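Residue numbers (the working numbering), protein chains in the order written: chain H, 79 to 293; chain V, 11 to 308.
No residue lacks a Cβ here, since even glycine has one placed at the ideal position from N, Cα and C.
Computed from a prediction, not measured in an experiment: that's the story for all the values here.
In what follows, a structure is listed as structure tokens, so that the remarks can point back to it.
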Amino acid sequence: MSVLTNHLDLFLYTFGQTLQLFAISAVLSLVLGTILAALRVSPVPVFRGIGATYVTVLRNTPLTLVFVFFVFAYPLLEIVKIEPYTAAVVSLSLYTAAFVCEVVRSGINTVPVGQAEASRALGLTFTQMLGNVVLPQALRSVVPPMTSTMIALLKNTTVASGFAVVQAGSIRDSLSEQGENVLFGLLWVAVGFVILVMPLTYVQQVFEKRWSVAR
Amino acid sequence: MSMVLFDVPGPKARVRHKIMAVAGIVVALAAVAYVVWRFIATDQFSARRLDWINYKQIQLSLVEAIGNTLSAFAVGAVLALVFGAIFAAARLSDHGWVRAPAAVIVEIFRAIPLVIMMFFFYYGLPVAGVKLSAFTAVVISLMLYNGSVLAEIFRAGINALPRGQSEAAYALGMRKTQVMTLVLLPQALRAMLPTIISQLVVLLKDTALGFLITYEELLRWGTRIGNDAVNFGRPMIPVMIVVALIYIGLCLLLTWLANYLEKRNRRNKKVIHTDDDAAAQVQLGAASTATVGGGLTV
Numbered sequence: 079m080s081v082l083t084n085h086l087d088l089f090l091y092t093f094g095q096t097l098q099l100f101a102i103s104a105v106l107s108l109v110l111g112t113i114l115a116a117l118r119v120s121p122v123p124v125f126r127g128i129g130a131t132y133v134t135v136l137r138n139t140p141l142t143l144v145f146v147f148f149v150f151a152y153p154l155l156e157i158v159k160i161e162p163y164t165a166a167v168v169s170l171s172l173y174t175a176a177f178v179c180e181v182v183r184s185g186i187n188t189v190p191v192g193q194a195e196a197s198r199a200l201g202l203t204f205t206q207m208l209g210n211v212v213l214p215q216a217l218r219s220v221v222p223p224m225t226s227t228m229i230a231l232l233k234n235t236t237v238a239s240g241f242a243v244v245q246a247g248s249i250r251d252s253l254s255e256q257g258e259n260v261l262f263g264l265l266w267v268a269v270g271f272v273i274l275v276m277p278l279t280y281v282q283q284v285f286e287k288r289w290s291v292a293r
Numbered sequence: 011m012s013m014v015l016f017d018v019p020g021p022k023a024r025v026r027h028k029i030m031a032v033a034g035i036v037v038a039l040a041a042v043a044y045v046v047w048r049f050i051a052t053d054q055f056s057a058r059r060l061d062w063i064n065y066k067q068i069q070l071s072l073v074e075a076i077g078n079t080l081s082a083f084a085v086g087a088v089l090a091l092v093f094g095a096i097f098a099a100a101r102l103s104d105h106g107w108v109r110a111p112a113a114v115i116v117e118i119f120r121a122i123p124l125v126i127m128m129f130f131f132y133y134g135l136p137v138a139g140v141k142l143s144a145f146t147a148v149v150i151s152l153m154l155y156n157g158s159v160l161a162e163i164f165r166a167g168i169n170a171l172p173r174g175q176s177e178a179a180y181a182l183g184m185r186k187t188q189v190m191t192l193v194l195l196p197q198a199l200r201a202m203l204p205t206i207i208s209q210l211v212v213l214l215k216d217t218a219l220g221f222l223i224t225y226e227e228l229l230r231w232g233t234r235i236g237n238d239a240v241n242f243g244r245p246m247i248p249v250m251i252v253v254a255l256i257y258i259g260l261c262l263l264l265t266w267l268a269n270y271l272e273k274r275n276r277r278n279k280k281v282i283h284t285d286d287d288a289a290a291q292v293q294l295g296a297a298s299t300a301t302v303g304g305g306l307t308v
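What follows is the structure, encoded as structure tokens:
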């Protein structure tokens with residue numbers, strides 16, 4: 079307990095940084111992922127190919143490798159200098175976007191084709207069809223897995239510990255520098271993550287139960 | 011490809027699509043060309059930076075590094091499967107006092123980031139006098155995390171079977187263990203196999219986290235060679251391309267296996283088709299990676 083109380087400001091600060099890293103990467107990956115999903119369901123085969131290639135490559139690469147690339151390899155290309163923090167945001171966003179893309183795409187694909195055909199037959203415009211018929215139904219099957227993807231992203235922010243980015247995973251460094259008990263420090267970090275993740279898991283289960291009946 | 015959103019294109023739309031396709035190709039090629047130009051402009055593929063390939067010792071260390079990655083994967087996978095089976099059984103138990111602790115343990119290990127677990131076993135435990143090697147720390151963490159996810163996958167898979175299966179088995183006079191091992195498990199395992207394998211892909215990717223606790227696996231090998239400024243002038247780019255190709259190759263191999271099994275399953279009449287999503291959803295929940303419904307279709 080003393081590890082936590084003596085270093086409360088350290089814990090609060092680093093978990094704050096974790097949440098910040100999470101929030102920025104979440105927004106960026108949602109935007110990029112949705113764009114990729116749009117590419118993957120587009121009627122133009124080339125666009126589908128581009129989206130599929132991106133998803134295949136990023137989903138089969140370890141996140142740590144993406145980090146290593148942006149922190150160690152990218153600076154050698156001398157394009158734009160980026161801070162480790164920016165590199166972490168870029169790696170997390172690019173990596174998570176591939177998963178967001180798959181969730182959105184499979185959500186759209188769960189809507190029966192007849193729904194869209196019927197709305198076209200009724201003379202709805204493309205925007206009306208998307209906004210009033212397809213997306214509201216797709217949303218139901220997207221939200222639970224999307225929550226899961228976001229939980230994964232939250233946990234993945236700790237990978238940044240190996241790359242000089244201050245977040246909850248780097249509490250260990252600060253504690254061992256000060257000769258504190260790392261064992262209990264790490265236990266508290268674990269508790270912190272359990273506290274952060276549990277409500278999200280609960281919300282996800284509620285949505286899943288409520289909406290699985292509605293179909 | 012389902013065309014939920016679009017009508018079958020007419021002549022005008024087809025022309026428009028062709029124009030967009032050309033534009034897409036141009037943009038993609040421009041992006042690739044820019045990266046290649048940066049590679050060439052900063053001379054990433056000079057003879058000196060590719061020289062490491064010629065050294066026998068480095069080739070051997072590469073093989074050894076791949077071996078380390080694969081052995082962490084193999085041991086971690088076996089342990090995770092065992093852990094998952096035990097805890098799934100516990101969570102499906104009829105006794106509340108077995109079910110509840112198992113549920114708590116599984117939920118907690120799914121919520122703790124793998125990195126924190128590895129730090130705990132590698133840097134934390136020595137404080138208490140228990141010294142683990144990097145390999146052991148990696149393998150135990152992989153077991154606890156992926157084992158918990160697998161436990162949920164198993165449980166969801168068994169719960170997704172039609173209730174008539176177990177009811178009929180009980181009606182025939184089978185005991186609990188018999189119902190599970192003779193009726194439920196064989197069917198559930200077949201249906202879950204693709205999901206289990208894609209969770210193993212996650213496990214394979216997660217071995218790369220061993221990098222953070224100085225486990226000598228493929229990625230660590232890559233950064234060691236890539237940072238060698240004295241002999242090879244920091245060949246990080248070519249080395250990382252090689253490392254990425256190896257990882258992607260290994261993962262695609264496993265994914266291909268999953269898809270192959272799924273295809274074979276679909277033809278197999280013995281398989282009961284359940285609501286496949288149940289298990290896949292669980293996996294998505296915990297995993298940093300998951301194959302959503304049947305993988306990629308280009």
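_Contact set between Pro277 of chain H and chain V, taken where Cβ atoms lie within less than 8 angstroms_ = Ordered by position in chain V, no residue passes the 8 angstroms Cβ test against Pro277 of chain H, which lies about 10 angstroms from the chain.
Q) Quick one: what's got a C-beta closer than 6 angstroms to Leu262 of chain V's C-beta in the same chain, skipping five residues either side? A) none
Exercise for review: Using a Cβ-Cβ cut-off of less than 9 angstroms, list which residues of the segment 118–146 of chain V approach chain H; keep chain order.
Suggested key: Ile118, Arg120, Ala121, Ile122, Pro123, Leu124, Val125, Ile126, Met127, Phe129, Phe130, Tyr133, Gly134, Leu135, Pro136, Val137, Ala138
Item to complete: Check distances from the C-beta atoms of the segment 116–128 of chain H to those of chain V and list, in chain order, the residues that come in under 9 angstroms.
Response: So the close ones are Leu117, Val119, Ser120, Pro121, Val122, Pro123, Val124, Phe125, Arg126, Gly127, Ile128.
Fill in: Option nearest Ala176 of chain H by Cα separation, candidates H:Ala230, H:Met207, H:Thr188, H:Trp266
H:Ala230
Problem set entry | Three or more C-beta pairs below 8 angstroms linking the segment 186–194 of chain V and the segment 152–159 of chain V | no
Measure the C-alpha to C-alpha separation of Leu143 of chain H and Leu267 of chain V and round it to an integer number of angstroms.
23 angstroms
Q) Taking just the CA atoms, how far does Val221 of chain H sit from Phe285 of chain H? A) Cα to Cα, Phe285 of chain H sits roughly 8 angstroms from Val221 of chain H.
Whose Cβ in chain H lies nearer than 7 angstroms to the Cβ of Lys215 of chain V?
Pro140
Query raised in the report: Beta-carbon of Val81 of chain H versus every beta-carbon of chain V: anything under 8 angstroms?
Result: no
Would you check if the segment 234–244 of chain V and the segment 43–61 of chain V touch, i.e. whether three or more CB-CB distances between them fall below 8 angstroms?
yes
Grab me the residues of Arg165 of chain V's own chain with a C-beta within less than 7 angstroms of its C-beta, minus the 5 sequence neighbours each way, in chain order. Ala98, Arg101, Leu102
Check your understanding: Of all the options H:Leu213, H:Trp289, H:Gly270, which has the alpha carbon lying nearest to the alpha carbon of Met127 of chain V?
Key -> H:Gly270
For Lys273 of chain V, the first and last residue of its enclosing alpha helix (DSSP H) | 246–277
Just by C-beta distance, which residues in the segment 257–268 of chain V are closer than 8 angstroms to chain H?
Tyr257, Ile258, Cys261, Leu262, Thr265
- Query: DSSP on Thr52 of chain V, reduced to helix/strand/coil?
  - Reply: coil
Check your understanding: Just reading off the alpha helix (DSSP H) that Thr79 of chain V is part of, what are its end residues?
Key -> Segment 66–101, the alpha helix (DSSP H) holding Thr79 of chain V.
Note to self: Using 8 angstroms as the cut-off, can you tell me whether the segment 156–170 of chain H makes contact with the segment 226–241 of chain H, which would need three or more C-beta pairs spanning the two stretches below that distance?
What the structure shows: yes
Can you give the Cα-Cα distance for Phe131 of chain V and Tyr280 of chain H, rounded to whole angstroms? 28 angstroms
| said: Is Val302 of chain V close to chain H? Criterion is C-beta to C-beta, closer than 8 angstroms. | reply: With a pLDDT of only 37 at Val302 of chain V, under 50, the local geometry of the prediction cannot be trusted, and the value read off the model is given with reservation. Put simply, the CB of Val302 of chain V is near chain H, with a gap under 8 angstroms to one of its CB atoms.
Residues that Gln188 of chain V contacts on chain H, provided the C-beta gap is smaller than 7 angstroms = Those within 7 angstroms of Gln188 of chain V in chain H number zero; the least Cβ separation is about 31 angstroms.
- Query: Where do the N-terminal and C-terminal ends of the alpha helix (DSSP H) with Asn234 of chain H fall, by residue?
  - Reply: 213–234
>> Buried or exposed, going by whether 16 or more other CB atoms sit within 10 Å of the CB of Asn64 of chain V?
In response: exposed
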